[in-house]
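507 is the number that our numbering gives to position 95 of the sequence shown; each next residue is one higher, with no gaps.
Every residue, glycine too, gets a C-beta built ideally from N, C-alpha and C.
The structure appears right after this line, and notes come after that.
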Amino acid sequence: MGLEEYRAPTKVKLAALWTSTMFCYVYGDYFGLYVTGTLADMNQGNMGPLGRATAAVLTGTSLMMAVPSLMVALSLLLPARLCRWACIVLGLLYTAIMAASVPGSEPFYKVLAAIEMALTLAITVIAVRWPREVRRD
């Protein structure tokens with residue numbers, strides 16, 4: 413006897429993918445703390461390739477990371493049409509951001525970046541292929 417298969421609605425799939433993406437982001441940043449010199453740089457007020465940890469840099473970085481965090485909930489709460497376009501645009505944008513951050517990075521970061529890019533591309537593909545409503549006239 414086969415196992416029962418659950419078909420998750422599109423919005424649930426998208427929320428799950430944004431959640432997985434966020435976990436990879438968090439672990440990548442956390443593991444980055446173990447790279448020699450990172451904590452010393454942080455104590456000097458530096459944010460790696462972003463330079464000095466100014467109020468503007470910290471605010472910009474916070475906003476950049478808040479968007480995928482919010483997409484976990486917004487994938488479930490937004491109207492379908494708006495959710496679809498947000499996931500297409502943001503999925504591509506965050507794929508590009510990760511691709512730009514890979515050169516010169518640590519091997520562990522490259523692995524997580526590849527996974528993150530696969531996740532954000534999956535978000536984009538699922539949003540592009542969003543099922544249409546069947547009209548019953």
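For the alpha helix (DSSP H) that residue i lies in, which residues bound it at each end?
i	result
residue 517	From DSSP, residue 517 is part of no alpha helix (DSSP H); its letter is neither H nor E.
Classify residue i as helix, strand or coil using the three-state DSSP reduction.
i	result
residue 493	helix
residue 413	coil
residue 506	helix
residue 420	coil
residue 523	helix
residue 540	helix
residue 545	coil
In terms of alpha-carbon separation, which member of the options lies closest to residue i?
i	options	result
residue 495	414, 418, 430 and 413	430
residue 524	438, 416, 413 and 454	438
residue 538	425, 413 and 418	425
residue 420	482, 464, 542 and 473	542
residue 479	501, 451, 548 and 492	501
Tell me which residues share the same chain as residue i and place their Cβ nearer than 8 Å to its Cβ, disregarding the 5 neighbours each side in the sequence.
i	result
residue 522	514
residue 457	464 and 465
So, for residue i: in the same chain, excluding its five sequence neighbours on each side, which residues have a beta-carbon less than 6 Å away from its beta-carbon?
i	result
residue 488	423 and 427
residue 484	427, 430 and 431
residue 507	529, 532 and 533
residue 499	426, 535 and 539
Can you list, in chain order, the residues of its chain whose CB lies under 7 Å from that of residue i, leaving out five sequence neighbours each side?
i	result
residue 520	443
residue 481	434
residue 511	529
Under a CB-based cut-off of 7 Å, is residue i close to chain C?
i	result
residue 502	Note that chain C does not occur in the displayed structure, where there is just one protein chain.
Uninterrupted alpha helix (DSSP H) stretches inside the region 438-483 (no shorter than 4 residues): 450-455
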